[in-house]
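First the structure, in the form of structure tokens, and then the observations on it.
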Amino acid sequence: MRITREPIYADEPRGVLDAVRRHVVSYLARVGRCVRLAAEALAYAPYVLAHRDSRRTMIAQLYVTGIRTLPVITVVGVFTGMIMGLQVGLALRRFSQEAYLGATVMLTLVREMGPFVTGICLSACVGSAMAAELGTMTVNDEVAALEIMHIPPVRYLVAPRLAALVAMSPLLAFYACVLGVMGGGLVGYTQLNVDFSQYMASAMSMATVKDVYVGLFKATVFGLVIGAVSCHEGFKSTLGAVGVGRATQRSVIVSFLLILTLGYVITRLFYLDFLP
Amino acid sequence: MIEFENVVKRFGRKEVLSGVSFTVAKGEVVALLGPSGTGKSVLLKHVVGLLAPTSGSVTVAPDAHVGYLFQGGALLAWLTVWENVALPLRETTDLSEAEIARRVDDALAAVELTESADKYPAEISGGMVKRAGLARAVVCQADVVLYDEPTSGLDPVTSATIHRLIKRLNATRGITSVVVTHDVLGALSFADRILMLKDGRVLADAKPADFVKSVVPEVREFIASAKGEDL
């Protein structure tokens with residue numbers, strides 16, 4: 235996949251309909267390029283694992299993605315659980331059903347909120363930095379230099395980053411879920427008079443292995459999406475610092491939107507039998 | 234080695250190159266001069282396929298290894314100078330580490346940068362970044378090196394060093410060079426031939442001795458302004 239492209243100049247749209255059509259086509263083309271970028275980067279995964287320098291880059295990216303985001307994920311995970319515990323607990327109290335607090339918090343976190351908040355954190359902390367880094371490299375001709383040296387930028391730059399995000403995203407989502415459940419239990423115990431062991435028993439009784447698998451799968455897909463979108467937007471940067479800023483902003487917006495929509499689609503696919 | 238045949242390049246409605254034709258022979262050092270915005274860098278990007286002509290053709294000898302020195306050096310910030318130079322060898326060849334080390338050391342010695350091998354790009358001067366970029370361009374035994382304004386933003390002494398390196402690499406390794414520059418006096422010192430572009434056309438194509446005697450008003454004006462003279 236060629237990264238360095240010629241600028242595209244288009245005439246002014248002929249009316250509103252033409253402008254809308256062009257936006258739709260442009261959006262679909264962007265999604266298509268992201269999918270192609272992700273597919274090509276995944277095809278390079280064996281190379282990344284076998285080649286010493288790429289492995290080194292991937293380990294560095296694992297550190298950036300996994301370790302440096304831990305403080306943020308910790309805070310977000312705990313407080314997501316605490317907020318859910320409080321809101322759900324107050325609602326359940328009206329019906330004297332506080333005993334189900336653990337189950338509700340656990341299911342919501344494992345199925346939806348754990349992967350979701352992890353995706354949002356990774357997009358904001360890691361994806362934006364990736365887009366800015368690759369964007370700066372693009373406007374400084376470093377990506378063009380790689381192509382002239384016959385070093386595929388997708389293999390050298392994208393594959394290790396994508397591999398790190400795909401590997402770390404489910405682990406961080408699991409970590410966020412564990413902390414969230416603990417946070418919910420803390421709120422239940424201190425403010426709603428729910429016994430912690432009862433809370434944990436309720437939590438463990440409702441979550442199934444399928445819930446965990448679907449949650450981890452969702453987080454893996456989010457990691458892939460964040461990596462592909464961020465790298466793609468970075469490579470599309472033009473116009474110097476302004477362009478890099480726009481690319482960073484676009485990478486976060488597109489990742490957020492895709493995390494939300496794909497989150498729904500995956501839930502619908504895996505829990506279809508529970509729906510009317 | 235390189236042949237441009239009636240190359241036209243348009244960006245949208247703007248025509249940047251308007252039927253450019255010239256050839257560069259093997260082992261030649263050609264300087265491309267001209268005011269800003271006349272398509273010099275665009276022309277260079279056609280040689281490596283970063284841009285494609287709207288019409289006309291660009292032909293490069295099929296067995297030629299082409300190196301490219303970007304205006305800003307285009308070094309990777311997280312690699313040392315040594316690692317940057319070794320990058321194309323590590324990523325595109327099966328050479329042993331010992332052979333890579335030998336070639337990288339040779340390339341760094343050729344651009345007089347051995348002592349800064351372990352430094353990162355942010356720790357060295359602009360002139361050294363360009364020399365490191367040049368070492369990276371020639372380390373794969375390039376037959377052709379394209380220089381995009383190699384002396385822009387450099388002081389006269391460092392510029393003279395770069396010009397000397399261009400000439401030396403041509404003399405010792407037989408590297409064909411195409412140099413985009415605004416530095417008329419520098420071009421007169423290192424080039425075998427000078428091409429001047431204006432408004433997307435080749436205005437002059439001559440040896441340095443003939444170039445300074447050109448009767449074309451735009452060429453005379455360009456030379457005079459470089460010397461700080463009034464016409």
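As given, the protein sequences belong to chains A and B, one line each in that order.
For the working numbering, count along the first sequence from 1 and bump the result up by 234.
For the working numbering, count along the second sequence from 1 and bump the result up by 233.
The beta carbon of each residue, even a glycine, is placed where N, CA and C say it ideally should be.
Keep in mind it's a predicted model, so treat the numbers as computed, not measured.
When the cut-off is 8 Å and only beta carbons count, does residue i lie next to chain B?
{"i": "Y297 of chain A", "result": "no"}
{"i": "D287 of chain A", "result": "yes"}
{"i": "Y278 of chain A", "result": "no"}
{"i": "I385 of chain A", "result": "yes"}
{"i": "I382 of chain A", "result": "yes"}
{"i": "E376 of chain A", "result": "yes"}
{"i": "A410 of chain A", "result": "no"}
{"i": "A275 of chain A", "result": "no"}
{"i": "A393 of chain A", "result": "no"}
{"i": "A379 of chain A", "result": "yes"}
{"i": "Y390 of chain A", "result": "yes"}
If we define contact as Cβ-Cβ less than 8 Å, is residue i a contact residue for chain A?
{"i": "L328 of chain B", "result": "no"}
{"i": "Y301 of chain B", "result": "yes"}
{"i": "L398 of chain B", "result": "no"}
{"i": "A442 of chain B", "result": "no"}
{"i": "G305 of chain B", "result": "yes"}
{"i": "L265 of chain B", "result": "no"}
{"i": "L309 of chain B", "result": "yes"}
Note the first and the last residue of the continuous beta strand (DSSP E) segment covering residue i.
{"i": "N239 of chain B", "result": "I235 to F244"}
{"i": "M429 of chain B", "result": "R426 to K431"}
{"i": "G289 of chain B", "result": "S288 to V293"}
{"i": "A437 of chain B", "result": "R434 to A439"}
On the three-state DSSP scale, how would you describe residue i?
{"i": "L255 of chain B", "result": "Before going further, note that residue 255 of chain B is Phe rather than Leu in the sequence given. Residue state, collapsed to three classes: strand."}
{"i": "S471 of chain A", "result": "coil"}
{"i": "I317 of chain A", "result": "helix"}
{"i": "K247 of chain B", "result": "strand"}
{"i": "M361 of chain B", "result": "helix"}
{"i": "A444 of chain A", "result": "Note on residue identity: the sequence assigns Lys, not Ala, to residue 444 of chain A. K444 of chain A: helix per DSSP, three-state reduction."}
{"i": "T299 of chain A", "result": "helix"}
{"i": "L426 of chain A", "result": "coil"}
{"i": "A350 of chain B", "result": "coil"}
{"i": "Y505 of chain A", "result": "coil"}
{"i": "L494 of chain A", "result": "helix"}
{"i": "S436 of chain A", "result": "helix"}
{"i": "D339 of chain B", "result": "helix"}
{"i": "L464 of chain B", "result": "Because L464 of chain B carries a pLDDT of 47, less than 50, the predicted location of this residue cannot be relied on, and the following value inherits that uncertainty. Correct three-state label for L464 of chain B: coil."}
{"i": "V486 of chain B", "result": "Absent from the structure is residue 486 of chain B, since the part of chain B shown begins at 234 and ends at 464."}
{"i": "E345 of chain B", "result": "coil"}
{"i": "V479 of chain B", "result": "Residue 479 of chain B cannot be examined here, being either before or after the span of chain B that is shown, 234 to 464."}
{"i": "V339 of chain A", "result": "helix"}
{"i": "V262 of chain B", "result": "strand"}
{"i": "K452 of chain A", "result": "helix"}
{"i": "C373 of chain B", "result": "coil"}
{"i": "H285 of chain A", "result": "coil"}
{"i": "E454 of chain B", "result": "helix"}
{"i": "S403 of chain A", "result": "helix"}
{"i": "E246 of chain A", "result": "coil"}
On the DSSP letters alone, give me the boundaries of the alpha helix (DSSP H) that residue i sits inside.
{"i": "M371 of chain A", "result": "S362 to V373"}
{"i": "G300 of chain B", "result": "Counting along the chain, G300 of chain B falls outside any alpha helix (DSSP H), though it belongs to the beta strand (DSSP E) covering V299 to L302."}
{"i": "K278 of chain B", "result": "K273 to V280"}
{"i": "I399 of chain B", "result": "P389 to R406"}
{"i": "V258 of chain A", "result": "G249 to A277"}
{"i": "R323 of chain B", "result": "V314 to T325"}
{"i": "L356 of chain A", "result": "G348 to L356"}
{"i": "L380 of chain A", "result": "E376 to I382"}
{"i": "A420 of chain B", "result": "V417 to F423"}
With 7 Å as the limit, tell me which residues of the region 311-345 of chain A have their beta carbon closer than that to any beta carbon of chain B; keep them in chain order. none
Using a Cβ-Cβ cutoff of 7 Å, what residues of the region 341-374 of chain A are near chain B? List them in chain order. N374
Residues of the region 313-340 of chain B with a CB closer than 8 Å to any CB of chain A: list them in chain order, please. L320, P321, R323, E324 and T325
What are the residues of the region 267-284 of chain B that lie near chain A, defined by any Cβ-Cβ distance shorter than 9 Å? K278, V281, G282, L283 and L284
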